[in-house]
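S.K.: Take the sequence shown: its position 181, counted from the start at 1, is 183 in my numbering, and no numbers get skipped.
Each residue gets a CB set at the ideal place from its N, CA and C atoms; glycine is no exception.
Predicted, not measured: the structure shown is a model, and the values here were computed from it.
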Amino acid sequence: MATIAGPILAVQAQKWLERSREDDQRKKNIFYALMGTRATRLAEDHVRALNSIDLAFGTSRVKERAVIDAWGSYALQLNTPHDQTSEAQRVAWNSDAHRLFIELLFVMSKAVGFDFTKEHLQRGIYYPTGHAEIEADRHRVLKNAAAVLSGDQPLKMEISSFPVSSEMVSSQLALQGKLISAIGDAGLRVEMVAQSDTARRSRS
């Protein structure tokens with residue numbers, strides 16, 4: 003029986019090791035995605051990685067349980083509505099969201115075998131100013147376009163100049179000059195000429 007069971011157990015053990023490695027790699031891929039996009043949290047890859055946490059870390063291990071708990075707190079903050087018109091509320095919401103996100107990265111780094119500190123996760127971010135300006139402009143354009151297309155905001159139009167033909171301008175100036183010459187300083191003179199009886203009869 004040992005001869006028969008030995009190869010079977012070896013195959014099962016190999017499959018278990020492969021599944022374990024795949025699970026570990028799946029967790030690391032999520033961590034890599036979140037680390038790589040932690041400066042652009044509206045990116046699709048970032049959102050997809052967040053939504054995959056429950057599937058990859060849903061075990062009873064202590065470190066992975068800590069990841070699920072941290073993700074739950076961060077998700078609750080992300081889904082909490084806040085007043086976008088109030089600067090104080092917007093700053094407070096962003097501060098809490100950033101703190102919870104760093105906590106999520108910290109416990110996740112421990113679960114996948116890294117030894118990052120919270121200070122490193124918070125400060126070790128590079129995001130060029132040009133990218134931030136482009137992202138802000140893109141967001142502004144999409145927001146304004148949606149407001150115009152939905153009818154909430156009118157489309158402003160301003161005319162700075164009209165197309166003018168140089169020939170038409172010259173002819174208008176020439177006509178004005180002739181009118182001024184004909185009128186003169188004394189005004190336009192009109193002369194009444196009476197028709198003769200012959201011309202009157204020929205017309206009738």
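Expressed to the nearest angstrom, what Euclidean distance is found between the alpha-carbon atoms of residue 84 and residue 166?
M.R.: Numbered from 1 along the sequence shown, position 82 holds the residue referred to as residue 84. Numbered from 1 along the sequence shown, position 164 holds the residue referred to as residue 166. Roughly 53 Å separates the two Cα atoms.
S.K.: Would residue 113 be called buried (16 or more neighbouring beta carbons within 10 Å of its own) or exposed?
M.R.: Taking the sequence shown and counting its residues from 1, the one referred to as residue 113 is at position 111. Per the 10 Å Cβ criterion, buried.
S.K.: Flag this pair as yes or no: are the beta carbons of residue 29 and residue 58 separated by less than 8 Å?
M.R.: Translated into positions along the sequence shown, residue 29 becomes position 27. Translated into positions along the sequence shown, residue 58 becomes position 56. It is a contact, given that the beta carbons lie within the stated cut-off.
S.K.: From residue 115 to residue 31, what does the alpha carbon distance come to, in whole angstroms?
M.R.: The count along the sequence shown starts at 1 and reaches residue 115 at position 113. The count along the sequence shown starts at 1 and reaches residue 31 at position 29. Distance between the alpha carbons of residue 115 and residue 31 is about 13 Å.
S.K.: In this structure, how does DSSP classify residue 38 when only helix, strand and coil are distinguished?
M.R.: Taking the sequence shown and counting its residues from 1, the one referred to as residue 38 is at position 36. The answer is helix: DSSP assigns residue 38 an H, G or I state.
S.K.: Check this for me: beta carbons of residue 79 and residue 94, under 8 Å apart or not?
M.R.: For the purposes of this step, residue 79 is identified with residue 77 of the sequence shown, where counting begins at 1. For the purposes of this step, residue 94 is identified with residue 92 of the sequence shown, where counting begins at 1. Cβ distance not < 8 Å, so residue 79 and residue 94 don't count as in contact.
S.K.: Could you give the DSSP three-state label for residue 122: helix, strand or coil?
M.R.: Locating residue 122 in the sequence shown gives position 120, counting from the first residue. The three-state reading of DSSP puts residue 122 in helix, counting H, G and I together.
S.K.: Taking the beta carbon of residue 177 as the centre, do at least 16 other beta carbons fall within 10 Å, making it buried, or is it exposed?
M.R.: Stepping through the sequence shown from its first residue, residue 177 is reached at position 175. Residue 177 is exposed by the Cβ-count criterion.
S.K.: Here's the rule: buried if 16 or more other CB atoms are within 10 angstroms of the residue's CB, otherwise exposed. What is residue 66?
M.R.: In the sequence shown, the residue the question calls residue 66 occupies position 64. Residue 66 comes out buried.
S.K.: Please confirm whether residue 103 and residue 111 have their CB atoms less than 8 Å apart.
M.R.: By 1-based counting over the sequence shown, the position of residue 103 is 101. By 1-based counting over the sequence shown, the position of residue 111 is 109. Cβ atoms of residue 103 and residue 111: not closer than 8 Å.
S.K.: Could you check where the alpha helix (DSSP H) with residue 65 kicks off and where it finishes?
M.R.: For this step, residue 65 is matched to residue 63 along the sequence shown. From DSSP, the alpha helix (DSSP H) with residue 65 extends over 64 to 80.
S.K.: Quick one: using the 10 Å Cβ neighbour count with 16 as the cut-off for buried, is residue 76 buried or exposed?
M.R.: Locating residue 76 in the sequence shown gives position 74, counting from the first residue. The Cβ neighbour count for residue 76, taken over all protein chains shown within 10 Å, is at least 16; the residue is labelled buried.
S.K.: So, is residue 55 buried or exposed, given that buried needs 16 or more other C-beta atoms within 10 angstroms?
M.R.: For the purposes of this step, residue 55 is taken as residue 53 along the sequence shown, with counting starting at 1. In summary, residue 55 is buried, with 16 or more beta-carbon neighbours lying within 10 Å of its beta-carbon over all protein chains present.
S.K.: CA-CA distance, residue 180 and residue 153?
M.R.: Sequence index remark: in the sequence shown, residue 180 carries index 178 (1-based). Sequence index remark: in the sequence shown, residue 153 carries index 151 (1-based). The alpha-carbon atoms of residue 180 and residue 153 are separated by roughly 53 Å.
S.K.: Would you decide whether residue 51 is buried or exposed? Buried here means 16 or more other CB atoms lie within 10 Å of its CB.
M.R.: Position 49 of the sequence shown, counting from 1, holds the residue named residue 51. Residue 51 should be labelled buried.
S.K.: In this structure, how does DSSP classify residue 60 when only helix, strand and coil are distinguished?
M.R.: Taking the sequence shown and counting its residues from 1, the one referred to as residue 60 is at position 58. DSSP places residue 60 in coil when its eight states are reduced to three.
S.K.: Count the other C-beta atoms from every protein chain shown that fall within 10 angstroms of the C-beta of residue 40, then say buried if there are 16 or more, exposed otherwise.
M.R.: Start at 1 with the first residue of the sequence shown, and residue 40 comes out as number 38. Flag for residue 40 reads buried.
S.K.: Taking C-beta to C-beta, are residue 144 and residue 150 nearer than 8 Å?
M.R.: In the sequence shown, the residue the question calls residue 144 occupies position 142. In the sequence shown, the residue the question calls residue 150 occupies position 148. Result no, Cβ atoms of residue 144 and residue 150 do not sit closer than 8 Å.
S.K.: Please report the residue range of the alpha helix (DSSP H) in which residue 92 lies.
M.R.: Counting from one through the sequence shown, the residue named residue 92 turns up at place 90. Segment 89 to 113, the alpha helix (DSSP H) holding residue 92.
S.K.: Put residue 143 into one of helix, strand or coil per three-state DSSP.
M.R.: Along the sequence shown, one-based indexing puts residue 143 at 141. If DSSP states are grouped into helix, strand and coil, residue 143 belongs with the helices.
S.K.: Along the chain, where does the alpha helix (DSSP H) that runs through residue 51 open and close?
M.R.: Taking the first residue of the sequence shown as 1, we reach residue 51 at position 49. For residue 51, the enclosing alpha helix (DSSP H) has its first and last residue at 46 to 53.
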